[in-house]
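Written below as structure tokens is the structure these notes are about.
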Amino acid sequence: MLEKTYQPAEIEPRITAGWESAQAFRAGRPERADAEPYCIVIPPPNVTGSLHMGHALNNTLQDVLCRFERMRGRDVLWQPGTDHAGIATQMVVERQMAERQEPDRRTIGREAFLKKVWAWKEESGGTIVNQLKRLGASCDWSRERFTMDEGLSKAVLEVFVSLHEQGLIYKDKRLVNWDPRFQTAISDLEVVQVEATGSFKWDSSTGEELDLAALNKLLDKNPSGHMYHFRYPLADDPTRFIVVATTRPETMLGDTGVAVHPEDERYTALVGKRVVLPLVGREIPIVADEYSDPEKGTGAVKITPAHDFNDFEVGRRCGLDRINILDEHAKLTGDVPEGYRGLDRFAARKRIIADMHAAGLLAKIEPTTHTVPHGDRSNVVIEPWLTDQWYVNAAELAKDAIAAVEDGRTKFVPENWSKTYFEWMRNIEPWCISRQLWWGHQIPAWYGPDGQVFVARSEADAAKLANQHYGKAVEITRDPDVLDTWFSSALWPFSTLGWPEKAPEVDRYYPTTVLVTGFDIIFFWVARMMMMGLHFQKQVPFKDVYIHALVRDEKGQKMSKSKGNVMDPLVMIDEYGADALRFTLAAMAAQGRDIKLSKQRVEGYRNFATKLWNASRFAEMNECVRQRDFDPRSVEVTLNRWIVGETEKAAKEVTEGLEAYKFNEAAGSAYEFVWGVFCDWYLELIKPVLMGDDEPAKAETRACTAWVLDQILKLLHPFMPFITEELWAHMVEHGEKRQNILTLAQWPVLDGLYDEAAAEEIGWVIGLISEIRSVRSEMNIPAGAKVPLVIVGADKAIKQRVGRHEDTISRLARLDDITFEKAAPKGAAVIVAGDTTAAIPLAGLIDMEAESKRLKKEIAAAESDLAKMNAKLDNPAFVARAKPEAVEETKERKDELDGIIRKLSAALKRIET
RNA sequence: GGGCACUUAGCUCAGCGGUAGAGCACUACCUUGACAUGGUAGGGGUCAGAGGUUCGAACCCUCUAGUGCCCACCA
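Throughout the first sequence, residue numbering follows this note's numbering, covering 1 to 913 in sequence.
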């Protein structure tokens, strides 16, 4: 016997264990060898991660799809795994070492450090996988992969070497986004722009004193947000100046030119002259370059080619020197005046301002709003820095990746995300893939004594190449850098299947069916998988890309620990059960929207689970046992004919919703059917049958209830796998415990069950009961009181109907007697349900004044509707041009309203006379 | 500067060309033999504003006003 209340915490671990022992999620089950494969690769969570709401949503949706397709008989592979997450993981381990006061990584060396990271991974890396299991994720866990696995590392090696051979990976010296905290290059995508606004204002022309102490105090809090105007003296006439503006004063030490627009007449005479760079004393040229905008600042711009992306280009065009003034920590270094060397960039900034002012060369300080690049992980200001790095020629690889979406080989759902994808792909920049970290795939490049580079699959191969190159054996050293984490992620759809080995899984499951992910990683991940997949497999990595919403807090902001607005999915699971959380996420996953999650919503769906639980309890108590030979087509009792038809409708809606990735519609249809139709009506309507003594009807109804409940458990299983699996096991089949598990049961494919006549009749019963209840409530007839009902002017058909459903109507509407009369008795409340009129003849119980008021209100409402119908029908254009069905519907509605008004008016008249 | 969305019941959100919906919250009644994590009934919306297209617009188009996000730039 089922417990009275559903206890998710009690059943979930048991169900999980059952799935595991049945190996229910194994791909490539022998009996499905001929089945069509269905494959999803999981967006690999960071190995350092723990489950947040975004993961919960993402994996719930994937699981819904996988369970749905598994039940439809497909050979499902949901490929799980984790990502080594270069910077994040290295950070975690370094922080741990610092906390334990152990020597830092540079002290212990690369090899020892990597050993520690692996040890950490073995110990703590499995957290998120276990959390995914608690959510119910039906991944084939036997195939779990890690981006640093031997196999996946081999794929990385193969891809790097091939792309290098093809000239699509190359080494280049150019400006990169340098993260001074982690001392590594990062890609454009890992840079986030943070707005800075200053407040300090000073102008030398006013004669006002400059309060340096106040400015410095401000700059200590936020070094950005101000524009500084500097006077640069002309070399041939130090009494004349050209004024330049900058938000980064310290970079002036690396200036190698001043640019003006070629057509800017203010400066024409100065082009070709030189200025003396203040504080440094170096003479630098004034050049003409289109980059300079006469509208902005003073129209003259200082050029620092080694520390600014635009200036780099200007310098290249005008042949200016590049002087690097920063080291890897963003401290001043190299060819800078003695006093500045070794200063931090922001300390140098203050010092420069003070020194320029002292030299009388500071013209103005004004507050401004500008964005400052920050590292997305380190949160420190990024410096453009000139270094050697490895790049992927992304523009070349993007060509087919763009075409594949244009011609529909891969489809975005919702479709308009393809615009975002195109936008970025068509303007793509070279992808900087080298990172100055230790944790990651080390770049397979070796250098000879003179710096000549040899890229090869192994050190031995590289040595061979070097020997050929030099004509003798030489010492080679390996490039210490590792690859961007997203480089290995880009290979995920085929590396996890066994490539570059000749793995049968690649043939069977690639291209994968659908990728499910959030829009925040379209560039980071989706685009790069498209490029790599197409290049190495000649086929798209996935046919569909379903982009889901981001889970945000109530203000629409991304949930984050630092903001303190996180809702922990595991806490929700503990409190309400995994099924409730999953159902909530699926029900809210409308396309293209953000999800602002609320606890009450989860609670509501927990209640839904309880409702289902109790409906099953009811079935169990009433011995509703699934019959082996039960055929829903064969039922004879009208109620049963009706419910099998409703079941078919629900099954179709859920199926169509899931096929179209409309998770919310599928979940909504299932919810409405289970609660609103099955529980609210069917189970109530059959109670008289189950308690009656019509044995054949009883037997059919029991079998039918068991059958419908089975369909319900199946339809809900993708959304609520735990409770449905538990109830499935409880429901007796052919008089014994069930042998199979729901996860591997067959999805309902129902057809031909809908019975128009049954639907009409039960609809009539429901309508009548609802009307009686409504009138009772409005007339304040005590809920417990049983009252008689008079059916007025019934024809033979209605009399027969009433006869068939008398018990049910009496029970649900709390009646003690149903009789037939030609006219409604005096002093009765009148009920109009469709074409049936009824009355509750309890003069004593009914306040006739209230009844009169109620009738008037109902008449008014009906008349208002009727007026709308009439207006439509009186409009010749509507009758002539609207769809015939629309006109027909309007007429029907008008007739219906006419009838209602006539009956209600008659009742009203009787009261008033 | 370029792009993409959004504005519907007190709250959170569906609906996207033919009688305004859900969950929660609210009101009244109900220990009715599955369920008070429940039942029954009910209140509550000129679908941001203004134009237009259409027989008909919350839904399509244009504009306005707010809000959010992405990309780029920033002397």
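Positions of the beta carbon are idealized from the N, C-alpha and C atoms, including for glycine.
Item, Value
"Environment of PRO103 [buried if 16+ CB atoms lie within 10 Å]", "exposed"
"ASP820 burial status per 10 Å Cβ neighbour count (16 or more: buried)", "The sequence given here places Phe at residue 820; Asp does not occur at that position. With fewer than 16 Cβ atoms within 10 Å of its Cβ, PHE820 is classed as exposed."
"Endpoints, the alpha helix (DSSP H) within which ASP816 is located", "Not the alpha helix (DSSP H): ASP816 falls in the beta strand (DSSP E), residues 815-821."
"Cβ-Cβ distance between ALA917 and VAL47 below 8 Å", "No answer is possible for residue 917: the residues shown for the chain start at 1 and end at 913."
"8 Å CB neighbourhood of GLY339 in its chain, flanking five on each side removed", "ARG351"
"Beta strand (DSSP E) segment containing GLU383, residue limits", "383-392"
"Coil, strand or helix - ALA259 by DSSP", "strand"
"DSSP three-state assignment for TRP178, whether helix, strand or coil", "strand"
"Candidates LEU114, ASP376, LEU163 and HIS370: closest to GLU195 by CA position", "HIS370"
"Where HIS805 sits in the DSSP three-state scheme", "helix"
"Presumed contact (8 Å Cβ cut-off) between TYR267 and VAL276, rounded CB distance", "TYR267 to VAL276, Cβ: 17 Å. No contact."
"TRP681, enclosing alpha helix (DSSP H) - first and last residue", "Element bounds for TRP681: n/a, residue is neither H nor E."
"Selection from VAL336, PRO238, ARG134 and ARG377 that minimises the alpha carbon distance to GLU190", "ARG377"
"contact_flag[the segment 72-92, the segment 595-608] where n(CB pairs < 8 Å) is 3 or more", "no"
"Sheet register partners of PHE241 (DSSP bridge)", "PRO233"
"Through-space distance from ASN870 to LYS894, alpha-carbon basis", "7 Å"
"Environment of PHE309 [buried if 16+ CB atoms lie within 10 Å]", "exposed"
"Inter-stretch contact (C-beta, 8 Å, three-pair minimum) for the segment 405-415 and the segment 386-395", "no"
"Identified DSSP bridge partners for TRP78", "ILE40"
"Local Cβ density within 10 Å of GLY927, reported as buried at 16 or more and exposed below that", "Because the chain spans 1 through 913 in this model, residue 927 falls outside it and cannot be assessed."
"According to DSSP, residues forming a beta bridge with SER598", "None; SER598 has no bridge partner."
"C-beta atoms of SER204 and LEU362 nearer than 8 Å", "yes"
"Contact belief for ASN59 with LEU132 at Cβ below 8 Å, rounded distance in angstroms", "6 Å"
"Closest residue to LEU437 among GLY533, LEU2 and ALA185 (Cα-Cα distance)", "ALA185"
"Residue nearest to GLY360 in terms of C-alpha spacing, selected from GLY692, LYS543, ALA590 and PRO238", "PRO238"
"Option nearest GLU623 by Cα separation, candidates GLY657, GLN600, ARG702 and VAL637", "ARG702"
"Short Cβ contact (8 Å threshold) for ALA398 with MET532", "no"
"C-alpha gap between ALA824 and ILE818, whole angstroms", "13 Å"
"Unbroken alpha helix (DSSP H) run spanning ARG983, endpoints", "The first residue shown for the chain is 1 and the last is 913, placing residue 983 beyond what the model contains."
"Range covered by the beta strand (DSSP E) that runs through TYR447", "445-447"
"Neighbourhood of ARG478 by C-beta, 6 Å cutoff - its chain only, sequence neighbours within 5 removed", "TRP446"
"ARG95, DSSP secondary structure in three states", "helix"
"Short Cβ contact (8 Å threshold) for ALA17 with PRO569", "no"
"Meets three-Cβ-pair contact criterion under 8 Å: the segment 69-85 and the segment 483-491", "yes"
"Residue nearest to ASP75 in terms of C-alpha spacing, selected from GLU122, SER138, ASP694 and VAL92", "SER138"
"Through-space distance from TYR421 to PHE25, alpha-carbon basis", "33 Å"
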